[in-house]
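From first to last, the protein sequence lines stand for chains A and B.
Here UniProt numbering is used: position 30 in the first sequence is 30, and no number is missing along the way.
Here UniProt numbering is used: position 59 in the second sequence is 59, and no number is missing along the way.
Protein chains: 2
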Amino acid sequence: MSTRTPEAEPLLTPAEVATMFRVDPKTVTRWAKAGKLTSIRTLGGHRRYRETEVRALLTGIPSQRTE
Amino acid sequence: MSTRTPEAEPLLTPAEVATMFRVDPKTVTRWAKAGKLTSIRTLGGHRRYRETEVRALLTGIPSQRTE
DNA sequence: CGTGAATAGGGTAATTAGGGAG
DNA sequence: AGTGTCCTAATTACCCTATTCA
Numbered sequence: 001m002s003t004r005t006p007e008a009e010p011l012l013t014p015a016e017v018a019t020m021f022r023v024d025p026k027t028v029t030r031w032a033k034a035g036k037l038t039s040i041r042t043l044g045g046h047r048r049y050r051e052t053e054v055r056a057l058l059t060g061i062p063s064q065r066t067e
Numbered sequence: 001m002s003t004r005t006p007e008a009e010p011l012l013t014p015a016e017v018a019t020m021f022r023v024d025p026k027t028v029t030r031w032a033k034a035g036k037l038t039s040i041r042t043l044g045g046h047r048r049y050r051e052t053e054v055r056a057l058l059t060g061i062p063s064q065r066t067e
């Protein structure tokens, strides 16, 4: 493997997450605002989501308690 | 374009499944609750159903009676 | 630096969940 | 046992415009 690997996680756009859950992109935004989904913001304010987390939620795997 | 397509299984809303089966959405919910139909939950608690599974049932795939 | 698509906002209808009774 | 309907509360979908993304 390469010597240096920038720690980059695969991110998903709101539209992609919405498609996977069969919901409206706005709904994904509400989940992020409600703290149900980890959101990473671009410098312009747009949201990106962790693919691993989304897949885990879809599979029905309970997310880790942050407590 | 690269492979920017997260493997997402086509899902159906309760209303869509109900229409396909010619039943009330509440009935579809009962099927899901009874485990007769695989249901995927949104983060808000709403159910989504696998299109492949629904179509298989509609297509008339023998349920392989165990008797 | 323009162009077209996507997203963030906010507000208002439409679905859905859940229980209960017929 | 299985289904359709009534109810309330919660969640989601569609409307708009301005901003950001690619």
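Glycine included, each C-beta is placed from N, C-alpha and C at the ideal position.
Here the C-alpha atom of residue 15(B) lies approximately 17 Å from the C-alpha atom of residue 36(B). At a beta-carbon threshold of 9 Å, the residues of chain A lying near residue 6(B) are 10, 12, 16, 17, 19, 20, 51, 54 and 55, ordered along the chain.
Neighbourhood of residue 37(B) in chain A, by CB distance below 7 Å: empty, with the nearest CB roughly 15 Å away.
Taken atom to atom, the span from the alpha-carbon of residue 26(B) to that of residue 41(A) is near 38 Å. Rounded to whole angstroms, the gap between the alpha carbons of residue 48(B) and residue 28(B) is 11 Å.
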